[in-house]
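These notes are about the structure you will find just below.
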Amino acid sequence: MEVGFTLNGKARRLDVPAHWTLLRMLRDIAGSTDVKHGCGEGVCGACAVLVDGVAMNSCSVLAPQVDGATVETVGGLAAGGKLHPLQAEMVMRGGVQCGFCTPGMVLSALEAVRIGAAGSDEEIRHSLAGNLCRCTGYGKIVDAVAAYRDGEAPDDVPADAGEHEHRPEGGGSAASPGVGVGH
Amino acid sequence: MSDVEVEAGSRIVGAGIARHDAVEKVQGQTVYAADFALPRMLHAMLKRSDYAHARLRGVDVSAAEAIDGVVAVYTAADVPQNTVWVDVPGQTLEVGALKARSNVLADEVVRYHGEPVALVAAESEDAALAAVDAIVVDYEPLPVVDDPEHALDDDAPDLHESGNLLAHWEIEEGEVEAGFAGAAAVVEEEYRTQFIDHAYLEPEAGVAWRDTDGVITIRAATQVVEHFRDVARILELPDNKVRLITPYVGGGFGGKEDMTVEPYLGIVAALTGRPVRMVWSRQESLTARQNRHAVRMRYRTGADAEGRLVAMDIDILSDGGAYALLSALVLLYSTTCAAGPYRCPNVRISARTVYTNHTPCSAMRGFGGMQVALGYEGQMDRLARELGIDPLEIRRRNFVERGDRLPIGQELETVVELPALVEAVGERAGERPEPSGPRRAVGRGYACNLQSYGRCIWLNDWSSAWVGFELDGTLVIRIAVPDIGGGQASSLIQIASEVLGVPPQRVTIHIGDSALNPLTGTTTATRQLYMSGNAVLKASRELRDALAGVAAGLLEVDAERVEFGPDGVSGGGASVSFEKLLAAAASVDVPWHVLATHHAPKGIPWQADESWRGRVFPDFTYGCHAVDVEVDLDTGGVRLLRYIAGHDVGRAINPVSVEGQIEGAVAMGLGYALSERIVFEEAQNLSTTFSQYLIPTAVEMPRIESLVLESGEGMGPFNARGIGEPPIGPPAPAVAAAIHDACGVALTELPFTPERVATAIAVAGGGDGAG
Chain A
34 MEVGFTLNGK
44 ARRLDVPAHW
54 TLLRMLRDIA
64 GSTDVKHGCG
74 EGVCGACAVL
84 VDGVAMNSCS
94 VLAPQVDGAT
104 VETVGGLAAG
114 GKLHPLQAEM
124 VMRGGVQCGF
134 CTPGMVLSAL
144 EAVRIGAAGS
154 DEEIRHSLAG
164 NLCRCTGYGK
174 IVDAVAAYRD
184 GEAPDDVPAD
194 AGEHEHRPEG
204 GGSAASPGVG
214 VGH
Chain B
665 MSDVEVEAGS
675 RIVGAGIARH
685 DAVEKVQGQT
695 VYAADFALPR
705 MLHAMLKRSD
715 YAHARLRGVD
725 VSAAEAIDGV
735 VAVYTAADVP
745 QNTVWVDVPG
755 QTLEVGALKA
765 RSNVLADEVV
775 RYHGEPVALV
785 AAESEDAALA
795 AVDAIVVDYE
805 PLPVVDDPEH
815 ALDDDAPDLH
825 ESGNLLAHWE
835 IEEGEVEAGF
845 AGAAAVVEEE
855 YRTQFIDHAY
865 LEPEAGVAWR
875 DTDGVITIRA
885 ATQVVEHFRD
895 VARILELPDN
905 KVRLITPYVG
915 GGFGGKEDMT
925 VEPYLGIVAA
935 LTGRPVRMVW
945 SRQESLTARQ
955 NRHAVRMRYR
965 TGADAEGRLV
975 AMDIDILSDG
985 GAYALLSALV
995 LLYSTTCAAG
1005 PYRCPNVRIS
1015 ARTVYTNHTP
1025 CSAMRGFGGM
1035 QVALGYEGQM
1045 DRLARELGID
1055 PLEIRRRNFV
1065 ERGDRLPIGQ
1075 ELETVVELPA
1085 LVEAVGERAG
1095 ERPEPSGPRR
1105 AVGRGYACNL
1115 QSYGRCIWLN
1125 DWSSAWVGFE
1135 LDGTLVIRIA
1145 VPDIGGGQAS
1155 SLIQIASEVL
1165 GVPPQRVTIH
1175 IGDSALNPLT
1185 GTTTATRQLY
1195 MSGNAVLKAS
1205 RELRDALAGV
1215 AAGLLEVDAE
1225 RVEFGPDGVS
1235 GGGASVSFEK
1245 LLAAAASVDV
1255 PWHVLATHHA
1265 PKGIPWQADE
1275 SWRGRVFPDF
1285 TYGCHAVDVE
1295 VDLDTGGVRL
1305 LRYIAGHDVG
1315 RAINPVSVEG
1325 QIEGAVAMGL
1335 GYALSERIVF
1345 EEAQNLSTTF
1355 SQYLIPTAVE
1365 MPRIESLVLE
1375 SGEGMGPFNA
1385 RGIGEPPIGP
1395 PAPAVAAAIH
1405 DACGVALTEL
1415 PFTPERVATA
1425 IAVAGGGDGA
1435 G
């Protein structure tokens, strides 16, 4: 059947079997490999996308359900050659390691900040409970979301790794400074 | 120390720079293994065993082959070389140097739930799935072995021709019984750890195709590009006819150290001549990919009245599952680390790993060195209580020092900063938090550990790297390193940038390709920064030295006075662009690149003889952790309030990446402590979905504070130590100690679920005397 929706600002009309999930349509037909298949059972959150602004696990939504909807994936966030400020914070604070949870994590965090569910570290943690990460221990992700919420995030970080400026000095995030107590 | 002083004014090493790969990952641009597609690509899937132990009376593939779109269905007989042999080191003549066997596809007998029985290749995923369902397997169920103690009984069925004992290490140093006779306190306990899964977010995946000159090329998520050789054996091809490419990997933790999809992709590409993709579902990954070993440990530990250790008797039994894989090496790590970072004159260690019908166990972060931390740290806390000594103080009185020998015979060559770590962590921990309400108790626990970095020295490990300039002054690194998310590639960029002055954003690194890049070994064993970092450092320095000689002539200064900067070289008040320098170099036959190899220390190989003692590893990383918990005395729920993890990393090449490794390993260790376990019932795996297998979410995790100590001593580049695995050891024993501190119950079996904690509190009288 035909499904018409807006994907990252562009109108799309795709022919898709009615039983396919949104995840499968996005990856296999729309070519959106920025949406990740982590578990296929709605638990890990790697496949999260925004449907009309609401974060949903695309493995648990049928493709025809987004007919007429607006779908946003992480690949559509950077604009004008600059990272979205939350993306910039995730990169600079070490919130990205293997990167496989990152697309879903970023979208869930964006929604949380937008609806006011990221007022404290504890609220941020609850808002991200549906997004599993096995690399970071979550602390640096929480820091990135908090910084974005507070408007500290830069909006001028290049989206091209080759142009990316490194942080000039030091290492640890403010919350967990590396302390040299040795020789 | 000299290197550290020379590099004291470092530009890039020591800076928490943003990783180039993170910029792409955060936009979803990284092309992971499952994101790659080829024209006319087939889809491959495995038919897996429903039984944990059964004879295969027949595998009927006719109905599957008849399905529209199915191109091939393969069983064991179709695989050119179906048997994979692994070396199994072990230190007794009882087992000796075993050659253990596993199969690409099950042959005659299946030995675990989920073992691959047949391989399907089809034009679509739907056709492949239908074919898997249509394969009819006629099983004759056999009795299962699901208890490692029972596996060694005379009446247990032998799962392999060699019997069920897979490997055995025996160490006895000093006079153990005489040591106990003179002890002021002796504590004895049995500890049990569970099977767990790596649970990285990226399931196993890859593609393969037959490329020019008949080279079978596999692009897959793996920690080991050297598996191209294993695939070549299976396909009966020369080694140089298989190529393995690894893109950025969505997490490994040891789970992508053994082969996963690689042999199956190779078989389909070689036998059909078509490109092929295979992606495992999460359920396949949780059911059938190898796990961390469940271990039963019996510890008897004696100390004198001042708390100094006088004797240890340690018995370790590990469940290796159905096939050998890396169990014997994992057991060697347990044996080496069994006594912990403590000095003891009289030690007996007996360690065995056995076959059962559980999912095969193999590598996972900590690799046998981490399970035993629950034992040796649990014993230190028991001795502290028995003798009335502070838990940190009793540890302080027993720490190993440089020059000491571990029971296995390895001398410790670098500084052991445990006293400084204990002090720093204790100071940071500060005041204890108050309970949040009645029937809640707060407690604090500490744990220390040691964990090796680098592979066993008799494996003669080496790493190669190619570093070269391009004419515009950009720099290229070629190295077949798999980057599994820890910043393996970006740290190498920092090292080359440091030496050659080129800013990181003007360095490009080509990673993970066994054909086009120099081999650098596995991303395992906390060896990649240590080994590949040294190789890149050596190549960069040799390149700098060669080009400095040319620059000296152009600048009319001594070569030692040539400085490398972002735009070229300078010295004596003059400067020359890279373009001019490189042209001058070419005119005098100085190449713009260097290929360098770093070799790990050598040693005497293990002997299948109980008298053998010797060096096992290059070196160790040490840590001290502290945790505050709050226990709900009614539900048994354990809430993590705060976590501090201190490690001496020698030198932090990228402090943000170092913290990332520490925080991630601690989180994994806390999942191990509190919630994760694979449940088997008669060897059937019941934990096959993420809704059943509970890794920590952001809610359960506390703020994890990394405390990074830089001693300036380590065997890696710029005196770094490895940090990927070490922080996973202390969390479980630290949580055990904190729970005891909170409510007086001493738990010995992981994970510490609310049910177990509540039961222990009830048995102890309800926790009324807690606090």
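Residue numbers (this note's numbering), protein chains in the order written: chain A, 34 to 216; chain B, 665 to 1435. Positions of the beta carbon are idealized from the N, C-alpha and C atoms, including for glycine.
Whether residue i touches residue j by CB criterion (7 Å)
i, j, result
"Leu830/B", "Ala988/B", "yes"
"Arg1452/B", "Val871/B", "Because chain B spans 665 through 1435 in this model, residue 1452/B falls outside it and cannot be assessed."
"Ser1127/B", "His1257/B", "no"
"Ala933/B", "Glu1041/B", "no"
"Gly1386/B", "Thr1285/B", "yes"
"Val677/B", "Gln1158/B", "yes"
"Ser1155/B", "Ile1326/B", "no"
"Ser766/B", "Val784/B", "no"
"Phe1228/B", "Gly1132/B", "no"
"Arg893/B", "Ile909/B", "no"
"Val889/B", "Gly1197/B", "no"
Other residues of its chain near residue i: CB distance less than 6 Å, five sequence neighbours each side excluded
i, result
"Arg167/A", "none"
"Ala186/A", "Pro118, Ala121, Glu122 and Ala180"
"Ala794/B", "Ile731"
"Ala1329/B", "Pro1391 and Ile1392"
"His1289/B", "Ala1111, Ala1309, Pro1394 and Ala1398"
"Glu1389/B", "Arg1029, Gly1030, Gln1115 and Thr1190"
Cβ separation of residue i and residue j, assumed to be a contact under 8 Å, to the nearest whole Å
i, j, result
"Gly1149/B", "Gly132/A", "7 Å"
"Tyr997/B", "Gly1033/B", "4 Å"
"Arg938/B", "Leu769/B", "Actually they are not in contact, since the Cβ atoms of Arg938/B and Leu769/B sit about 19 Å apart, beyond 8 Å."
"Leu995/B", "Ala1015/B", "5 Å"
"Ile1141/B", "Ala1160/B", "6 Å"
"Asn1124/B", "Lys1266/B", "7 Å"
Residues that residue i contacts on chain B, provided the C-beta gap is smaller than 9 Å
i, result
"Phe38/A", "Neighbours of Phe38/A on chain B: none; closest Cβ ~18 Å, over 9 Å."
"Met58/A", "Within chain B, no residue comes near Met58/A; the closest Cβ sits about 14 Å away, beyond 9 Å."
"Thr106/A", "Gly692"
Where residue i falls: helix, strand or coil (DSSP)
i, result
"Ile1157/B", "helix"
"Phe38/A", "strand"
"Asp903/B", "helix"
"Met1332/B", "helix"
"Lys1266/B", "coil"
"Phe1284/B", "strand"
"Asn1383/B", "helix"
"Gln1356/B", "coil"
"Cys77/A", "coil"
"Gly1090/B", "helix"
"His684/B", "helix"
"Glu1057/B", "helix"
"Gly205/A", "Note that Gly205/A scores 36 on pLDDT, short of 50, meaning its location in the model is unreliable and no value can be drawn from it."
"Ser982/B", "strand"
"Asp1177/B", "strand"
Own chain partners of residue i with C-beta closer than 8 Å, once the 5 adjacent residues on each side are dropped
i, result
"Ala1223/B", "Asp1209, Ala1212, Gly1213, Ala1215 and Ala1216"
"Arg1066/B", "Leu1076, Glu1077, Thr1078, Val1079 and Val1080"
"Val175/A", "Asp154, Ile157, Arg158 and Leu161"
"Tyr696/B", "Glu866, Ala869, Ala885, Pro911, Tyr912, Val913 and Gly914"
Under 9 Å from the C-beta of residue i: neighbouring residues of chain A
i, result
"Phe1344/B", "Those within 9 Å of Phe1344/B in chain A number zero; the least Cβ separation is about 21 Å."
Beta-carbon contacts of residue i that lie in its chain and below 7 Å, excluding the five residues immediately before and after
i, result
"Ile62/A", "Leu47 and Val49"
"Gly108/A", "Asn41, Ser65 and Asp67"
7 Å Cβ cut-off: residues of chain A touching residue i
i, result
"Arg1341/B", "Per Cβ cutoff of 7 Å: no residues; Arg1341/B is ~16 Å from chain A at best."
"Val913/B", "Cys131"
Contacts of residue i in chain B (Cβ-Cβ under 8 Å)
i, result
"His70/A", "Ala698, Pro867 and Val943"
"Cys134/A", "Leu865"
"Leu143/A", "What Leu143/A touches in chain B: nothing, since even the nearest Cβ is about 12 Å away."
Partners in chain B for residue i, counting only beta-carbon separations shorter than 7 Å
i, result
"Met125/A", "Ala682"
Residue-chain proximity (residue i, chain C), Cβ-Cβ < 7 Å
i, result
"Ala1105/B", "The structure shown has no chain C; the protein chains it does contain are A and B."
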